[in-house]
Amino acid sequence: MTAPVHHITHPLIQHKLTLMRQKDRSTNSFRRLLNEISMLMAYEVTRDMPTQMIEIETPLETMMAPVIDGKKTVFVSIMRAGAGFLDGMLNVVPGARIGHVGLYRDPKTLVAVEYYFKMPADMHERDAIVLDPMLATGNSAVAAVDRLKETRPKSIRFVCLLAAPEGLAHFRSAHPDVPVYTAAIDRQLDEHGYIVPGLGDAGDRLFGTK
Ligand code: URA
Numbered sequence: 000m001t002a003p004v005h006h007i008t009h010p011l012i013q014h015k016l017t018l019m020r021q022k023d024r025s026t027n028s029f030r031r032l033l034n035e036i037s038m039l040m041a042y043e044v045t046r047d048m049p050t051q052m053i054e055i056e057t058p059l060e061t062m063m064a065p066v067i068d069g070k071k072t073v074f075v076s077i078m079r080a081g082a083g084f085l086d087g088m089l090n091v092v093p094g095a096r097i098g099h100v101g102l103y104r105d106p107k108t109l110v111a112v113e114y115y116f117k118m119p120a121d122m123h124e125r126d127a128i129v130l131d132p133m134l135a136t137g138n139s140a141v142a143a144v145d146r147l148k149e150t151r152p153k154s155i156r157f158v159c160l161l162a163a164p165e166g167l168a169h170f171r172s173a174h175p176d177v178p179v180y181t182a183a184i185d186r187q188l189d190e191h192g193y194i195v196p197g198l199g200d201a202g203d204r205l206f207g208t209k
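Everything in the sequence shown is counted per numbering that gives the first Met the number 0, starting at 0 for the first residue and increasing by one.
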């Protein structure tokens, strides 16, 4: 069965995304908005996270109550823009581990080239949540998940802010078992591999490098 695409249409997320798209928004404001959105998206992404029952004492009596086993989650940030999602997600799941995948897009071919890959130990016990704000051609996302699957995590989810229809189709044909969470599916890619209408280069806007 093909895993679903979760299009997260919550008004708070949509409002903040509109602000992020505006070309005159400052780096500081762009970063803060992505941080807020990632916190809100974390609620959706972790909706069916496994819990375990532990015994606690309320002021009145002892009870069994559920807690999330946050240490079993690994956020996998696709460098560099994936870092913009990390703080917000960690606010919601502070016990999670973090992995990094470094990929750059060859500007001519748009093919993803790996330059860094570092995951925590015991990946087979972990649920992986892959973070990359822009699912454009899908090349980086497909390459990152290809590599991640070699470490055999228990499960994989992919989270982005914006997806292009082309990238979404590419990703889903390569990894039909991986659910995708996105706040928007934009119109198309342009000839340079940018999502339109989009929000420009997420890494540059996040880090102020342009
Ligand atoms: N990466 C970005 O940062 N923006 C796009 O539009 C496409 C890829």
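Here a beta-carbon is modelled for each residue, glycine too, at the ideal position from N, C-alpha and C.
Item                                                                                                            : Value
One or two residues paired with K117 in a DSSP bridge                                                           : H99
8 Å CB neighbourhood of L85 in its chain, flanking five on each side removed                                    : S37, F74, S76, I97, L130
Pairwise C-alpha distance: L59 and L205                                                                         : 48 Å
Contact set for T26: own chain, Cβ-Cβ below 6 Å, skip 5 residues either direction                               : G207
Member of R104, E54, H6 whose CA lies at the smallest distance from the CA of I192                              : In the sequence on display, residue 192 carries Gly and not Ile. The shortest Cα separation from G192 among R104, E54, H6 belongs to R104.
Neighbourhood of L160 by C-beta, 6 Å cutoff - its chain only, sequence neighbours within 5 removed              : P132, A182
Cβ contact check for the region 114-130 and the region 166-176: 3 or more pairs under 8 Å                       : no
Secondary structure, alpha helix (DSSP H): runs of 4+ residues fully inside the region 137-183                  : 138-148, 164-173
Sequence-ordered residues whose beta carbon comes within less than 5 Å of a heavy atom of the ligand URA        : M133, A135, Y193, I194, G197, D200, A201
Residue closest to T1, alpha-carbon to alpha-carbon, out of M122, F170, T57                                     : F170
Own chain partners of L18 with C-beta closer than 6 Å, once the 5 adjacent residues on each side are dropped    : L32
Counted within 10 angstroms of its Cβ, other Cβ atoms place T8 as buried (16 or more) or exposed                : exposed
Spatial neighbours of A168 in its chain, beta-carbon cut-off 8 Å, leaving aside the 5 residues before and after : G137
Buried versus exposed, by CB contacts within 10 Å (16 or more), G94                                             : exposed
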